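Chains as they are written, first to last, in this note's numbering: chain A, 24 to 341; chain B, 28 to 328; chain C, 23 to 551. Positions of the beta carbon are idealized from the N, C-alpha and C atoms, including for glycine. All figures in this text were calculated on a predicted structure; none of them were measured in a lab. Each remark here refers to the structure printed beneath this line.
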Amino acid sequence: MIFYILRRILYAIPIALGVSVVCFSLVYIAPGDPLQTVMPPDATAETIEIVKHAYGFDKPIPIQYVIWLGHLLTGDLGMSIATRRPVILEVTDALANTSLLALFAVPLSFIIGYTMGAVAGCFPGRWLDRLVTGTAVVGVSLPNYWLGIVLVVFFAVEYSLLPATGMGPSGSTNFHIFEWSSARYLVLPVFTLAMIPIGILARTTRAAVAEVRNQDFVQTLRAKGLSEFAVIRHVLKNSLPQVMAVMGLQFGYLLGGSILVETVFTWPGSGFLLSKAIINRDVPVLQGTILTLSLVFVATNLVVDLLQSLVDPRIRRA
Amino acid sequence: MSDIALDKPAETFDEQAAPATQVRSYWQSVFYRLRHDPVTLFFAAIVLLVVLAAIFAPLIAPFDPYKESIIARLKPFGWKDHWLGTDELGRDMLSRLIYGGRVSLLMGVVPVLIASLVGGMLGVVGGFAGGRLNTAIMRTMDVFYAFPSVLLAVAIAGAMGGGIGNGMMALTLVFIPPMCRVAETATTQIRSLDYIEAARATGAGTFKVIRYHVLGNVLGPVFVYASSLVSVSILLASGLSFLGLGVRPPTPDWGLMLSTLRQSIYVVPFVCAAPGAVIFVTSISFNLVSDGLRAAMDVRM
Amino acid sequence: MSGKLFRLLSIAAWVAAMLCLTGGARASGVLTVAMTAGDIPVTTGTPDQGAEGLRFVGYNLYDALTLWNLQLGDKPTDIKPGLATSWHIDPNDHKRWIFELRHGVKWHDGCDFTADDVLWNMKYSADDKAPEFNPAQFAQARAYLGTYQSVEKVDDYTVAINTKVPDSLLPYEFAQVVMISPCRAKEVKYDWTQYALHPSGTGPYKFDKFVAHQRLELVPNTDYWDKNRVPKQDRLVLIPMPEASTRTAALLSGEVNWIEAPSPDAIDRLKSAGMQIVTRIYPHNWSYQLNFIKGPFTDKRVRQAANYALNRGEVKELLNGLALEEYGTVPPTLPYYGHPIEYKYDPDKAKALLKEAGCMPCKVTFAISTSGSGQMQPLPMNELVKSQMDAVGFEVTLDTMDWNALLQVTREGVDAHPEINGINVSRGSQDPFNALIRHVWTPLWAPKGANWGHYSNPEVDRLVVDILSEFDSEKRLDLLTKLHEKMNEEAVMIFVVHDVNPRALAPSVHGFVQAQNWYQDLTPVSVSP
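As structure tokens, then:
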């Protein structure tokens, strides 16, 4: 058991390295000189050489990678070109804000998605099943940023019920989750973000519940004389592991894929930071954000895998 | 089983059950199931409509999608022959949506196609060869799997500076790992089956074995999975355009139209919402057709 | 018991009543501004994020030697005394400006302002051998220090600034070079990241709070040296919101009470919600700087044809009326506007000119951006211009890029981009150097200066040198007018429209006087509850 855990963790390391190579090389597939945003308007050739040397752009690429990796391991992701703050600070601040959204979106999508899927799985083929399945498909086929725009127009502008943008009257520093004045800023972004996970979870749950229901032990339980209600409880309990696994992965997806929703709501999270870094060609922030988000995703996958194998030893992936 | 009529005792059971138990080839049974699945057929018709509209755009679009008119800006549905109104530069929305289908379908289908070919090939090769080669291929794929798809697409497209070519390349790279994995899983399953061993024992060359036995069984899952990816690709592509990383104006594209019309949402809200509705309808149609195909082809993922 | 309670309550009521009464007379309210900037402008001196940086941060935290007089709405602006009370050119040496400094000014941290501070600041901005040199500040201030050579201390309250060539317009340039506190800088041991979190200047606002990417909060400096400009709000909050529709939504939902540059299409909605829409013609131009080395625009007839091809009225309509037709780099409100040719919409004349020049069809490529400070609504506007030019015989290709990339193209100049025939970069033009000289003077060919297309004309160069050496403002005005008219006649740019600086204010915002300038004075604004 321990060996499996160790092996799994060890296996994640080359993946993380591979991720770092991809992130690093993003700079070099980009057109144009990575140096352009740092330069004063009319820099002389001499100035350019000095700055190049200071940023280390004059060394061969593999060496630059190793140096970059070295800095990475000490937690130094460089300095943002746009704001001149350390990238690690920018990324952790932003990630904290996105995590807030994900932390609320995941349980919400679980509650709604699981309920929908369970109901559909228990009554396969009936109108309830079709309704749920239809809704789930709608959820994954709708452009979620579009839904966000529509919600803003309806709830914020037309009827002034909820705020349109941002994280609150004092931004992220004075955010009190348990006070409505701050929490109301969470409502629309969380709902928008939860849309796709609800769809995915509903479908997964439905499939899991339907599959479990068809297993032999369910017949056995009925034969033993348990009420339908108790049988359903057993079915749901057994379908949970699969669904939990998917939910765990959704958390990772939400962290990494929140860019569109955050752009619509101007939520100062990692996705928003990323889109600004792209616009400003702020290469250190671009690299740092993508790297951090992917590594968090790798870590999330690892944790989900381990938890799954702990809960159900039959599920082991080499 | 409505085919079995219980009030006709003269026929034998076999005769009564004939329509449903008729021995069919695999593909015949696929079509049989599809023909009797109204939902899938309906959405397949929508897909066909969208595709045809995009192909024959010059013939069916009522106006020139690039023609601007300052006096005709931001008009609502039905204004003077503009069934879906006009955009912020006075261009006809319906025409732009029809032409926009070209770009959106292109960015939806081409990356999936290429990813299926490349990823599928890699997966078959890896799955068939097994051992070190397989591990090498799959581990490389795992690295790309480590990125959430939206993030990877945005990162690649963003780093390369946007544009339709870069957007398609980014999406292709995003889809190769999952296609590869699907193909590899299917190949590995087939490979270990006895009849492959038997074929090889009779001296059949590797390529022949792959062509006749492996491919036939791998194409099914790959095809179904690819069809489900098209809807994701359309959504991702529109997202890229929305962020400014896709096509450049004035090319009509649904995601880009959503982005530029966002500013005018207080003037003609329904016109501004139209591209989103179109993306939704196309995406859900592809999704449901893919589901139908999966059920008809009886593919277990 | 109840008697005591009653007395307590009545005292409380009385206190509350007094507070309410006096509250009405006090400065009131929180002004929350949504800027078009993509991020919060840096607080370490001359800010980034374009003109909004100076408008909202630079001139609020800091002062410069000279300041723009932003208190007049109906007259064009000029410079007035800031940290310097007067200035004059040294009669014996036209390359030496003498500035008399203001007495009794204190930095926010309590230190006194003296001539040594000016010397320190110039080292901070320009001397790369000095320990206090900040390369970021250098990059930002560079544009205004073109002719600057050195500074000397004459006495504790007088400095002399030496220039490389006679520059009569130096005081205008120095209005953009704000001074930061050497006391505070030394306190943080020149750690500029730390300084940015604790900036100290002489300006009407003091720094209070900063949340990266989200908000900057400033509070009034009650000890400000200009008693007429102590801010009348309780607090100024600045929020970056680069998307126009987001700004509109924020104002309509009450999250902010002031937005910059609302989308023209949202104006009607804003008006119907009771918002105040303020606009004013000011020196700003939205135009195309042209390629004078290669391509069709080397021929004056083609340049003029492009100008005649434009239906500027349509562009104005596209912007819901929020623009002014443009025929030169400055609007008619400036004294040196003169009598330029009004390139009124004349497609036939345009066609004839193109035919004469032998350019049919005339293929040109413009580099444009998707957004940016002062760029107004670049995509729809460019598409409209393209269709108007295409209609007379041009074949316009739009090369779209993001704002920073376009600024990079601008900095590099035409040699690095010979295939681009025009760049669409908007400019503020409130002082003669920025309005006229920097675009047409030969020594300022990019990448050395802002003359992107390498325009060169010996007559214009002579005119510029005359202007810079003419220290009599009447005579100089004549020369400036000549230069403006010459630039218009030569069609050195494709002139499209002047912006009108639109902004939308909530009904609770009072006291704002919109100046005819890129920059604005927020100090007289109050917000009623």
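- Exposed is the label assigned to ASP108(B), since fewer than 16 other Cβ atoms lie within 10 Å of its Cβ.
- If the five residues before and after ILE97(B) are omitted, its C-beta is found closer than 7 Å to the C-beta atoms of GLY117, all from its own chain and listed in chain order.
- In the DSSP assignment, TRP129(C) falls outside any beta strand (DSSP E) and carries neither an H nor an E.
- Taking the beta carbon of ILE141(B) as reference, no residue of chain A falls within 7 Å; the closest one sits roughly 18 Å away.
- For THR106(A), the chain C residues whose C-beta falls within less than 7 Å of its own C-beta are ASP61 and ALA234, listed in chain order.
- For PRO524(C), the number of other beta carbons within 10 angstroms of its own is at least 16, and it is reported as buried.
- Along the segment 329-370 of chain C, the beta strand (DSSP E) occurs as fully enclosed runs of 3 or more residues at 345-347, listed in sequence order.
- Remark: fewer than three beta-carbon pairs, one from each stretch, lie closer than 8 Å, so the segment 389-399 of chain C and the segment 498-514 of chain C are not flagged as touching.
- With respect to ALA137(C), THR180(C) sits close: the two C-beta atoms are nearer than 8 Å.
- Between the alpha carbons of GLY95(C) and ASN539(C) lies a gap of roughly 9 Å.
- Taking LEU375(C) as the centre and dropping the five residues before and after it, the same chain places the C-beta of ARG323, VAL324, GLN326, ALA327 and TYR330 closer than 8 Å to its C-beta, in chain order.
- For TRP474(C), not one C-beta of chain A is nearer than 8 Å to its own C-beta.
- A straight-line Cα-Cα distance of about 42 Å links VAL259(C) and PRO362(C).
- DSSP, read as helix, strand or coil, puts PRO296(B) in helix.
- Close to SER317(B), with beta-carbon spacing below 7 Å, lies no residue of chain A; the smallest spacing is near 10 Å.
- Annotation: the continuous alpha helix (DSSP H) that includes PRO220(A) extends over 203-236.
- Under the three-state reduction of DSSP output, ASN261(A) falls in the helix class.
- Pairing ALA56(C) with ILE299(C) gives a Cβ-Cβ distance that is not under 8 Å.
- THR323(A) and PHE274(A) have their alpha carbons spaced roughly 8 Å apart.
- Just so you know, the alpha carbons of PHE288(A) and VAL487(C) end up roughly 52 Å apart.
- Judged by DSSP secondary structure, GLN55(B) falls outside any beta strand (DSSP E) and instead within the alpha helix (DSSP H) spanning 53-62.
- If the five residues before and after MET195(B) are omitted, its C-beta is found closer than 7 Å to the C-beta atoms of MET134, VAL137 and PRO138, all from its own chain and listed in chain order.
- Three or more pairs of CB atoms, one per stretch, sit closer than 8 Å, so the segment 83-102 of chain A contacts the segment 302-313 of chain A.
- With respect to chain A, the C-beta atom of GLY147(B) has no partner C-beta closer than 8 Å.
- Note that the C-beta distance between GLY51(C) and VAL549(C) is below 8 Å.
- Cα atoms of LEU219(C) and THR65(C): separation of roughly 8 Å, rounded to the nearest angstrom.
- Within chain B, the residues whose beta carbon sits less than 9 Å from that of VAL163(A) are SER258, VAL259, LEU262, SER310, ILE311 and ASN314, listed in sequence order.
- By the Cβ neighbour-count rule, ASP189(C) is buried, with 16 or more other Cβ atoms within 10 Å of its own.
- At a cut-off of 8 Å between beta-carbon atoms, GLU405(C) makes contact with chain B.
- Within its own chain, the residues whose Cβ lies closer than 7 Å to the Cβ of ALA472(C), once the five positions on either side in sequence are excluded, are ARG460, HIS461 and LEU466, listed in chain order.
- Rounded to the nearest angstrom, the gap between the Cα atoms of TRP90(C) and PRO89(B) is 54 Å.
- Out of VAL407(C), THR464(C) and ASN479(C), the CA that lies nearest to the CA of LYS94(B) is found in VAL407(C).
- As computed with DSSP, LYS231(C) is found in a beta bridge with GLU239(C).
- By alpha-carbon distance to ARG208(B), the top candidate from LEU267(B), GLY189(B) and TYR252(B) is TYR252(B).
- DSSP places CYS381(C) in no alpha helix (DSSP H); its state is neither H nor E.
- In the structure shown, LEU92(A) falls within a helical segment according to DSSP collapsed to helix, strand and coil.
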